[in-house]
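Keeping their order, the protein sequence lines are chains A and B.
The first sequence begins at 754 in this note's numbering and counts up one residue at a time.
The second sequence begins at 121 in this note's numbering and counts up one residue at a time.
For each residue, glycine too, the CB sits at the ideal point set by N, CA and C.
These notes concern the structure reproduced below.
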Amino acid sequence: MKSESLKILIIEDNEQNRYLLTFLLEQRGHVVESSIDGPGGIRRASEFLPDVILLDIQLPTMHGYDVAAALRRDTSLAHVPIVAVTSYAMPGDRERALASGCDGYIEKPIDPDTFVAQVESFCPAIGGDLA
Amino acid sequence: MIYAMFSMVWIYFSDYFLFGMGIDAETVARISVFKGLAFVLVTSILLFWLMWKAFGALDKAYAALRELNNTLEHKVAERTEELEYALVRARDADRLKSAFLATMSHELRTPLNSIIGFTGIVLQELAGPLTDEQRKQLGMVRGSARHLLDLINDVLDLSKIEAGQLQMRAEPFNVPEVIGRVMGVVRPMADQKGLAISAEIAPDVEHMMSDRRRIEQILINLLNNGVKFTDHGSVTLQATIDYAFQLTPESSAQKALRVQVRDTGIGIRPDDLKTLFQPFSQVDNGLTRLHEGTGLGLAICRRLVALLGGSITVRSTWSEGSVFTVTLPLELLA
Numbered sequence: 754m755k756s757e758s759l760k761i762l763i764i765e766d767n768e769q770n771r772y773l774l775t776f777l778l779e780q781r782g783h784v785v786e787s788s789i790d791g792p793g794g795i796r797r798a799s800e801f802l803p804d805v806i807l808l809d810i811q812l813p814t815m816h817g818y819d820v821a822a823a824l825r826r827d828t829s830l831a832h833v834p835i836v837a838v839t840s841y842a843m844p845g846d847r848e849r850a851l852a853s854g855c856d857g858y859i860e861k862p863i864d865p866d867t868f869v870a871q872v873e874s875f876c877p878a879i880g881g882d883l884a
Numbered sequence: 121m122i123y124a125m126f127s128m129v130w131i132y133f134s135d136y137f138l139f140g141m142g143i144d145a146e147t148v149a150r151i152s153v154f155k156g157l158a159f160v161l162v163t164s165i166l167l168f169w170l171m172w173k174a175f176g177a178l179d180k181a182y183a184a185l186r187e188l189n190n191t192l193e194h195k196v197a198e199r200t201e202e203l204e205y206a207l208v209r210a211r212d213a214d215r216l217k218s219a220f221l222a223t224m225s226h227e228l229r230t231p232l233n234s235i236i237g238f239t240g241i242v243l244q245e246l247a248g249p250l251t252d253e254q255r256k257q258l259g260m261v262r263g264s265a266r267h268l269l270d271l272i273n274d275v276l277d278l279s280k281i282e283a284g285q286l287q288m289r290a291e292p293f294n295v296p297e298v299i300g301r302v303m304g305v306v307r308p309m310a311d312q313k314g315l316a317i318s319a320e321i322a323p324d325v326e327h328m329m330s331d332r333r334r335i336e337q338i339l340i341n342l343l344n345n346g347v348k349f350t351d352h353g354s355v356t357l358q359a360t361i362d363y364a365f366q367l368t369p370e371s372s373a374q375k376a377l378r379v380q381v382r383d384t385g386i387g388i389r390p391d392d393l394k395t396l397f398q399p400f401s402q403v404d405n406g407l408t409r410l411h412e413g414t415g416l417g418l419a420i421c422r423r424l425v426a427l428l429g430g431s432i433t434v435r436s437t438w439s440e441g442s443v444f445t446v447t448l449p450l451e452l453l454a
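Below, the structure written as structure tokens:
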């Protein structure tokens with residue numbers, strides 16, 4: 754079953770990785786926007802109103818956990834799933850990501866064969882066009 | 121004593137002198153009174169002088185003692201300060217080490233993420249069609265990148281264990297399911313090498329309460345080694361329950377899962393068995409690095425097994441094969 758086109762916001766500081774995720778998701782017909790840091794991502798999210806947010810945890814200026822917490826406080830984004838996409842660095846990272854408001858956790862390096870399906874699995878079919 | 125001797129000498133000589141002078145008894149008696157007074161005076165002065173000197177010495181001794189005391193107190197304070205500083209520095213070093221590990225983990229994986237990712241994209245031909253040679257070479261890039269990732273993961277795991285930062289997380293899980301999963305991971309490589317691979321699970325092997333992820337890691341490692349070092353024959357996993365496992369002869373007996381991984385591979389020489397669980401000790405005399413690997417797998421296994429309260433042992437016959445036995449308590453105590 755082919756999934757609907759999703760609006761996806763990527764918050765990731767590394768240029769290559771940002772392009773990689775964007776490329777993979779756009780290949781499957783999703784609409785992708787990206788930000789290179791937390792404050793920019795939060796601003797972008799409230800305008801773009803994405804269906805899912807992919808969030809790197811190790812970001813400059815503002816830590817990913819704080820970004821997740823800030824996104825959670827925005828009522829217009831309350832139901833948007835936030836998926837942490839980050840390298841498993843230290844024990845407890847996954848727990849901390851989930852505690853700060855993330856709904857899921859995808860470990861880097863991502864597997865290009867399964868990544869898009871993983872992201873889609875966090876979005877229960879919302880259905881219909883993005884009006 | 122000096123006083124007694126002095127008095128005797130004085131009395132004796134003074135009297136002797138007086139009588140020697142040949143004067144009359146009345147004069148002798150008068151002089152004797154002055155003699156006695158003079159003696160008392162002289163001895164008093166002498167005594168006073170002696171006591172004054174003694175007190176002076178005592179005073180000096182007290183002063184020296186006080187000074188020593190002060191110096192000691194000062195030294196103790198100084199040392200305490202030094203120790204406190206050393207402690208702060210040690211804690212700082214520990215924090216730095218943790219921060220270093222976290223940073224390295226992130227910094228090393230970030231570029232690898234894009235290398236593995238883009239290689240995958242190109243191999244999937246999402247970016248355009250490939251020739252057979254390009255596909256072959258990109259496959260090699262992907263293989264090397266994955267190997268590098270394994271290496272980084274192993275080094276980080278080992279560092280985390282050494283830094284005491286790897287905490288075991290106990291959760292209930294079904295053991296046959298876990299074994300099924302790890303067999304699924306290793307089977308493709310065994311099939312590729314034409315090896316028979318199988319698992320025998322005793323009926324009483326059911327649930328355990330331990331760190332599932334780490335147990336999977338240990339089993340995958342042992343099975344991978346079995347396949348890697350075996351060219352003909354089979355790799356077999358056998359799971360049973362040990363109803364009276366004792367980590368040391370003193371510890372109380374507990375129920376434990378015992379997994380044996382048996383292969384018919386090249387085996388291990390007796391000399392090499394000793395260093396087998398040391399980091400970077402892939403034993404392969406003469407055939408160095410014929411077998412790909414980080415040489416860290418067993419070192420990590422041994423440390424993980426210890427953290428899980430279990431034991432790992434090996435028996436091997438050179439050129440006939442090896443048997444690794446891991447015994448892990450069914451309940452991991454926090």
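Near residue i, what residues of its chain come up, given a Cβ to Cβ distance below 8 Å and the 5 sequence neighbours on each side ignored?
i	result
leucine 232(B)	Ala265, Leu268, Leu269 and Ile272
serine 439(B)	Ile386 and Gly387
Within a Cβ cutoff of 6 Å, which residues of the same chain sit near residue i, ignoring the five residues on either side of it in sequence?
i	result
serine 436(B)	Gly387, Ile388 and Ser442
glycine 406(B)	For glycine 406(B), the predicted model reports a pLDDT of 43, less than 50, meaning its position is unreliable and no value from the coordinates is stated.
proline 323(B)	none
aspartate 819(A)	none
Looking at chain A, is there any beta carbon in it that lies within less than 7 Å of the beta carbon of residue i?
i	result
histidine 267(B)	no
isoleucine 241(B)	yes
serine 330(B)	no
leucine 416(B)	no
isoleucine 338(B)	no
glycine 259(B)	no
isoleucine 335(B)	no
isoleucine 272(B)	no
histidine 352(B)	no
threonine 447(B)	no
serine 279(B)	no
threonine 408(B)	Confidence at threonine 408(B) is low in this model, with a pLDDT of 44, below 50, so its placement is unreliable and no value can be given for it.
glycine 284(B)	no
asparagine 233(B)	yes
isoleucine 420(B)	no
asparagine 405(B)	The pLDDT assigned to asparagine 405(B) is 45, lower than 50, so where the model puts this residue is not dependable; a value taken from the coordinates is nonetheless given after this. No - not a single Cβ of chain A is within 7 Å of the one on asparagine 405(B).
I'd like to know if residue i contacts chain B, where contact means its C-beta is closer than 7 Å to some C-beta of that chain.
i	result
isoleucine 763(A)	no
leucine 773(A)	yes
lysine 760(A)	no
proline 834(A)	no
glutamine 871(A)	no
isoleucine 795(A)	no
serine 829(A)	no
serine 874(A)	no
serine 840(A)	yes
isoleucine 863(A)	yes
glutamate 757(A)	no
Looking only at its own chain, which residues have a Cβ that is under 7 Å from the Cβ of residue i, when we skip the five neighbours before and after it?
i	result
isoleucine 338(B)	Cys421, Leu424, Val425 and Val446
valine 295(B)	Val325, Glu326, His327, Met328, Ala359 and Leu377
valine 305(B)	Ile340
leucine 343(B)	Val302, Val306, Val355, Leu357 and Val381
serine 431(B)	Leu367, Val425 and Thr447
cysteine 876(A)	Leu759, Asp804, Val805 and Pro834
leucine 777(A)	Pro865, Phe868 and Val869
Is the beta carbon of residue j closer than 7 Å to that of residue i?
i	j	result
phenylalanine 397(B)	leucine 418(B)	yes
aspartate 809(A)	threonine 839(A)	yes
threonine 384(B)	glycine 353(B)	yes
valine 872(A)	arginine 781(A)	no
aspartate 274(B)	leucine 453(B)	no
alanine 850(A)	alanine 831(A)	no
arginine 262(B)	aspartate 331(B)	no
alanine 822(A)	serine 853(A)	yes
leucine 773(A)	serine 234(B)	yes
glycine 346(B)	proline 865(A)	no
isoleucine 299(B)	alanine 319(B)	yes
serine 225(B)	leucine 276(B)	yes
At least three beta-carbon pairs within less than 8 Å, the stretch 854 to 862 of chain A to the stretch 244 to 254 of chain B = no
message = In chain order, what are the residue ranges of uninterrupted alpha helix (DSSP H) at least 4 long that sit wholly in the stretch 809 to 880 of chain A?
response = 817 to 826, 846 to 852 and 868 to 873
inquiry  = I'd like the ranges of any alpha helix (DSSP H) spanning at least 4 consecutive residues and lying wholly in the stretch 328 to 405 of chain B.
reply    = 332 to 348 and 390 to 393
query = Is it true that the stretch 783 to 797 of chain A meets the stretch 254 to 265 of chain B, where meeting means three or more beta-carbon pairs spaced less than 8 Å apart?
reply = no
ask   = Three or more C-beta pairs closer than 8 Å, one from the stretch 175 to 189 of chain B and one from the stretch 150 to 158 of chain B: is that the case here?
value = no
ask   = In the stretch 133 to 205 of chain B, which residue ranges form an unbroken alpha helix (DSSP H) of at least 4 residues, counting only runs that do not cross its ends?
value = none
ask   = What are the uninterrupted segments assigned as beta strand (DSSP E) that are 3 or more residues long and contained completely in the stretch 286 to 334 of chain B, given in chain order?
value = 291 to 294, 316 to 321 and 327 to 330
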